[in-house]
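Scroll down for the structure; my scribbles are underneath it.
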Amino acid sequence: ETGVTQTPRHLVMGMTNKKSLKCEQHLGHNAMYWYKQSAKKPLELMFVYNFKEQTENNSVPSRFSPECPNSSHLFLHLHTLQPEDSALYLCASSQDPDEQYFGPGTRLTVT
Amino acid sequence: GENVEQHPSTLSVQEGDSAVIKCTYSDSASNYFPWYKQELGKGPQLIIDIRSNVGEKKDQRIAVTLNKTAKHFSLHITETQPEDSAVYFCAASDTGNQFYFGTGTSLTVIP
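Chains A and B, in that order, give the protein sequences.
All letters in the first sequence, in the order written, are residues 20 to 130 by the numbering used here.
All letters in the second sequence, in the order written, are residues 675 to 785 by the numbering used here.
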């Protein structure tokens with residue numbers, strides 16, 4: 020159904036932990052995105068990569084660190100998170116700037 | 675920046691009836707308006723989109739209308755079925771990398 024996969028699907032971490040979220044797209048797209056989805060709030064764009072280069076960083080705290088080693092893979096490295104960072108983290112990819120295809124998301128809980 | 679408002683936040687309809695979800699936007703530079711459907715445990719999926727050079731687009735039971743002058747666009751679902759139950763999001767973009775999403779509408783189709 021979707022050409023965008025995300026792992027893990029669920030993650031529980033303490034505030035002192037370091038973890039990473041992984042996204043992989045099998046669609047041959049050249050742009051990849053990280054979004055944060057919280058209850059009753061609009062999707063928040065966090066980072067954008069075009070051809071492996073970061074082109075957008077929407078004032079995201081430094082405790083979130085993205086990495087894009089190639090146009091098919093995207094990581095989000097997490098460290099010293101806060102409970103308010105608990106949310107669904109969605110990865111998306113696109114060939115054009117529009118028509119984004121989303122992965123299933125990683126449900127993150129920070130304890 | 676762009677501000678997208680979406681109404682209603684929840685909507686219940688009888689199976690077979692129509693459902694209408696409305697969004698407004700503030701930035702006249704926005705020219706691409708996708709609609710996403712998100713089912714429980716899944717990422718958003720693009721169901722239909724419209725660009726600012728057309729006023730209406732239809733795909734089987736789904737249609738979207740756009741009024742550029744009034745800066746609003748709507749999703750219409752006819753002959754609703756239980757499998758249409760999901761959360762629907764509108765978005766606006768100027769076809770750069772920035773997408774602005776509405777807060778979502780939870781649609782329930784009652785059999």
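We put the beta carbon where it would ideally sit given N, CA and C, even for glycine.
| Check | Outcome |
| --- | --- |
| For aspartate 723 of chain B, the first and last residue of its enclosing beta strand (DSSP E) | 719-725 |
| Closer than 7 Å: asparagine 49 of chain A CB and nearest the ligand FAD heavy atom | This structure simply doesn't include the ligand FAD, nor any ligand for that matter. |
| Sequence ranges, beta strand (DSSP E) only - wholly within the segment 79-113 of chain A, length at least 3 | 83-89, 92-98 and 106-113 |
| Separation of alanine 760 of chain B from glycine 715 of chain B, as counted between CA atoms | 11 Å |
| As assigned by DSSP and simplified to three states, the class of aspartate 115 of chain A | coil |
| Opposing strand residues paired with arginine 28 of chain A [DSSP bridges] | Paired residue(s): none; arginine 28 of chain A is not in a bridge. |
| Under the three-state DSSP convention, the category aspartate 691 of chain B falls into | coil |
| Selection from A:Thr35, A:Asn49, A:His29 and A:Asn77 that minimises the alpha carbon distance to lysine 41 of chain A | A:His29 |
| Bounding residues of the beta strand (DSSP E) (the contiguous stretch that carries phenylalanine 707 of chain B) | 706-712 |
| Pick from B:Ser686, B:Gly690 and B:Val694 that is closest to glutamine 680 of chain B, judged by C-alpha positions | B:Val694 |
| Sequence-distant residues of its chain with Cβ nearer than 8 Å to glutamate 75 of chain A (five each side left out) | Leu64, Phe66 and Val67 |
| Residues near aspartate 723 of chain B by beta carbon distance below 8 Å, same chain, minus five either side | Tyr706, Phe707, Pro708, Trp709, Lys731 and Val738 |
| Within chain B, the residues that proline 80 of chain A reaches when beta carbons sit closer than 7 Å | Those within 7 Å of proline 80 of chain A in chain B number zero; the least Cβ separation is about 19 Å. |
| Local conformation of glutamate 757 of chain B per DSSP, three classes | helix |
| Which of helix, strand or coil DSSP assigns to phenylalanine 70 of chain A | coil |
| Buried or exposed by the 16-neighbour rule on C-beta atoms within 10 Å, applied to asparagine 77 of chain A | exposed |
| C-beta neighbour in chain A for serine 702 of chain B, strict 8 Å | no |
| Lysine 742 of chain B versus serine 692 of chain B - alpha carbon distance | 24 Å |
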